[in-house]
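Counting with mature numbering (1 follows the signal peptide of the UniProt record, and there is no 0), you get residues -18 to -1, 1 to 132 for the letters of the sequence shown. Data first, discussion second: the structure below is written as C-alpha cells.
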Amino acid sequence: MKFAQIVLGLVAASAVLADTVSLSGDCQKAYAEYEECGKTEVEGFEKIYQSDKCQNYYKDPIATLAKCGDLDAETKDKLIADVKFSQAFNVLHTAKTEDGKACPLYRNKKVEKVKDTCASKSCTTASIEAYKLYVEGRKINEKKERKFIN
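Rendered as C-alpha cells:
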C-alpha cells in the first residue's frame, strides 16, 4: 500500500528491536561524536547528514570510528547493520524531488502520493537506495542469527 511507510516502519522496527550495540570506553566516545548524523528531528539535519563527516561515517563506520577497530566481528557486524538502518531512514527523510521539494510519499500518508513520488526520478532513486541499505543491514543480521542458531 504505502511502500515508503512500510520501509520506514521496517527500518524503525529493526533499529528498535535489533540488539543494541554495546560499546565502551574510547569507542563509545568516538561513536557519540557521530550521533548527530542520525538525529532527524534536529533543525538543519539535512545539512548535517550531507556533511563530509556524516557521509564518511556512513561510507565506512569502522574506519571512521578508528577507536572501535578492536571490536570483535559480531559487534562490528551489529554496528555496521545499525549504521545501514540509520542511513536508510536518513536517505528517505532527506530525499528531494528534482525541484527541491520533499518527496511526497515520505511526508504524506495518502496513497495517491505514491504516483507523485514515482514521478520524481530523485525520489524513486532515494527509495531504491534506502531499500538496498535496509537489505544490506538485514543480511548482516541474518548472518549473525544463523551463527547463533548453529
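Idealized CB from N, CA, C, for every residue including glycine.
Comparing C-alpha positions only, which one of the options sits nearest to residue i?
i: Cys50; options: Tyr40, Leu61, Lys41; result: Leu61
i: Lys103; options: Arg120, Thr79, Leu115, Lys121; result: Thr79
i: Asp52; options: Leu5, Asp64, Gln37; result: Leu5
i: Thr76; options: Ala108, Ala14, Val3; result: Ala108
i: Ile30; options: Ala101, Cys9, Asn72; result: Asn72
i: Lys41; options: Cys105, Arg120, Leu115, Glu23; result: Leu115
i: Arg120; options: Cys105, Asp64, Asp81, Val24; result: Asp64
i: Ser68; options: Lys11, Asp8, Cys9, Glu111; result: Glu111
i: Ala70; options: Ala14, Tyr113, Thr106; result: Tyr113
i: Glu15; options: Glu25, Leu47, Gly26, Glu28; result: Leu47
i: Tyr13; options: Gln32, Phe27, Tyr39; result: Tyr39
i: Lys83; options: Lys66, Glu17, Glu28; result: Glu28
i: Thr22; options: Lys125, Glu124, Leu74; result: Leu74
Beta-carbon separation of residue i and residue j under 8 angstroms?
i: residue 141; j: Ile122; result: Outside the shown range of the chain (-18 to 132) lies residue 141, about which nothing can therefore be said.
i: Cys36; j: Cys9; result: no
i: Thr57; j: Val117; result: no
Bridge partners for residue i per DSSP, in chain order?
i: Lys78; result: Ala84
Specify the secondary structure class of residue i as computed by DSSP and reduced to three states.
i: Ala108; result: helix
i: Leu47; result: coil
i: Ser68; result: helix
i: Glu23; result: coil
i: Asp34; result: helix
i: Leu5; result: coil
i: Asn132; result: Confidence in Asn132 is poor, its pLDDT being 47 and thus under 50, which makes the residue's placement unreliable; the coordinate value appears in the next sentence. Three-state DSSP puts Asn132 in coil, outside helix and strand.
i: Leu61; result: helix
i: Ala14; result: helix
i: Leu53; result: coil
i: Glu28; result: helix
i: Lys(-17); result: Note on Lys(-17): pLDDT 47, under 50, position unreliable in the model; the coordinate value appears next. DSSP places Lys(-17) in coil when its eight states are reduced to three.
Tell me whether residue i counts as near the ligand ZN, meaning its Cβ is closer than 7 angstroms to at least one heavy atom of that ligand.
i: Gly26; result: The model depicted lacks the ligand ZN and carries no ligand whatsoever.
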